[in-house]
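In this note's numbering, the protein residues as written are 5 to 89.
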């Protein structure tokens, strides 16, 4: 079974991929920044190597990912409180 990302945010050819990791103490989230590019055969590939021009885009994606994860953690906490009540 393949684990799917919880959320993906993309700006241009740079993406933030967010993974939800369940645990007994509640979920935790991790993220990955990737850049898409075409190789010589016009086939799309992904890399975690970013160039100078990708730096601000990656920073914005990290900010957006942080906001999304913060909202998810709050929703997770509310869900656990409601389940206990």
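Note that the Cβ used here is the ideal one computed from N, Cα and C, for glycine as well. From a predicted model like this one, the values you see are computed outputs, not experimental measurements.
Three-state secondary structure (DSSP) of residue 53: Of the three classes helix, strand and coil, the one that applies to residue 53 here is coil, per DSSP.
Tell me residue 38's beta-bridge partners as DSSP assigns them. Under DSSP, residue 38 forms a beta bridge with 19.
Since residue 25 contacts residue 34 with CB under 8 Å, what's their CB separation in whole angstroms? In this structure, residue 25 and residue 34 form a Cβ contact; the two beta carbons are roughly 6 Å apart against a cut-off of 8 Å.
Anticipated Cβ contact below 8 Å, residue 31 with residue 67, distance rounded: With 8 Å as the limit, residue 31 and residue 67 do not qualify as a contact, their Cβ atoms being about 21 Å apart.
Using a Cβ-Cβ cutoff of less than 8 Å, which residues in the same chain neighbour residue 54 once the five nearest sequence positions on both sides are dropped? Excluding sequence neighbours, residue 54 sits near 18, 37, 39, 62.
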